[in-house]
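Residue numbers (this note's numbering): 534 to 897.
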């Protein structure tokens, strides 16, 4: 990690003071999102079936049981019918996450430093996950319609089981997709009510989290397009994503955080060549955006809250289940930004991060 913003430098209103700290060079072994699960179904007849999945993370690098308990990943039970669609209940990725940014980087992007979501689905200030639109949400109800000529609609709702008169942190995630032949397209929308993704990431003097009169509505809307085509004897897939994310709060005191909005986008190419080789390349960027404070008297600036990431990689398959891969990525933060693709560490304000990895992928 290089180039963090020096202490005392001018930064965005929404960013904490820069520390100038840098980790330098680190050598690590990580398991990304290695996982193990069970999945099954039962057919009733008349087109109806029940199904389930139980999935957990497996940290093969350390064996540490932290965050690796049973059902720590997508876990649910449900019913489906060819005529009526599918419903499932449990802990699962949101519709927004599922429909967009769907081009897997060599099959290893989940939880990895090459993931587009490091920039595409987050804000450039603070490190609290309340601002993320790349989520798995518990206590969810998910419904998807049957497919009709490639079209399908999906909706998800997760209530706040600890709702109070001043807080109701529910989630709604919905979208439509078209998947037919070489074309995939999707439009997704997600609402986080009373999650305070803005206030939980700004300096405490600007935060409304402890003000019981304040409420929040954070929203994301994303358009995704994908095209699949043959080239040079291989299968190529190109994808583009563009999103607008807004953190908006009401009822706060003058001078505190009111709103932040920015646009993010990504483009990537996945190439499965004729033979054992596969390559991938991706570019993701986020604008500095705009912001406001309650009262409209004090200025709010977003200078330096932009960020971008470039990643490239290749894999060589020994069999359909086993491959080795190499990854390279660089993340550039604006002088006020704190986008992060490090595992287990927070990036310093303004720091640029370069990472190189060699790995093994085995599925069974």
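Idealized CB from N, CA, C, for every residue including glycine.
field: residue 716, buried or exposed, once every other Cβ within 10 Å from all chains shown has been counted against 16
entry: exposed
- prompt: Apart from the five residues just before and just after residue 574, which ones in its own chain have a Cβ nearer than 7 Å to its Cβ?
  reply: 582, 583, 584
- request: Can you tell me which of the three DSSP states residue 822 falls into?
  value: coil
- prompt: Cα-Cα, which of 866, 680, 790, 846 is closest to residue 820?
  reply: 866
message: Here's a check: name, in chain order, each residue in its chain whose Cβ is nearer than 7 Å to the Cβ of residue 807, leaving out the five neighbours to either side.
response: 766, 767
Cβ-based burial, residue 895 [other Cβ within 10 Å; buried from 16]: exposed
task: Report all residues from its chain with a CB closer than 6 Å to the CB of residue 713; omit the five preceding and five following residues, and keep chain order.
output: 683
- prompt: From residue 665 to residue 810, what does the alpha carbon distance come to, in whole angstroms?
  reply: 33 Å
task: Please name the residue, chosen from 838, 602, 883, that lies closest to residue 545 on a Cα-to-Cα basis.
output: 838
query: Which value, in whole angstroms, describes the spacing of the CA atoms of residue 642 and residue 828?
result: 42 Å
- prompt: Where in the region 676-734 do unbroken runs of the alpha helix (DSSP H), each at least 4 residues long, occur, reported from the N-terminal end onward?
  reply: none
- prompt: Taking C-alpha atoms, which residue in 616, 560, 652 lies nearest to residue 680?
  reply: 616
message: Across the region 645-653 and the region 686-696, are there enough close Cβ pairs to call them in contact, namely three or more that are closer than 8 Å?
response: no
- request: Select from 669, 661, 658 the residue whose C-alpha is nearest the C-alpha of residue 622.
  value: 669
- prompt: If you compare alpha carbons, which of 559, 551, 549 is closest to residue 886?
  reply: 559
- prompt: Who are the near neighbours of residue 700 in its chain, counting only those whose CB is closer than 6 Å to its CB and skipping five residues on each side?
  reply: 727
query: What did DSSP end up calling residue 632 once you bin it into helix, strand or coil?
result: helix
field: Inter-stretch contact (C-beta, 8 Å, three-pair minimum) for the region 733-746 and the region 703-710
entry: no
task: Determine the direct distance from the alpha carbon of residue 547 to that of residue 870, and round the result to whole angstroms.
output: 10 Å
- prompt: Looking only at DSSP bridge pairs, what is residue 763 linked to?
  reply: 768
- request: Label residue 588 either buried or exposed according to how many other C-beta atoms from any shown protein chain fall within 10 Å of its C-beta, with 16 as the threshold for buried.
  value: buried
Span of the alpha helix (DSSP H) around residue 650: 650-653
query: Helix, strand or coil: which one does DSSP assign to residue 799?
result: strand
- prompt: So, helix, strand or coil for residue 604, using DSSP?
  reply: coil
query: DSSP puts residue 794 in a beta bridge; with which residues?
result: 779, 823
- prompt: Tell me which same chain residues have a C-beta within less than 8 Å of the C-beta of residue 879, skipping the five on either side of it?
  reply: 660, 871, 873
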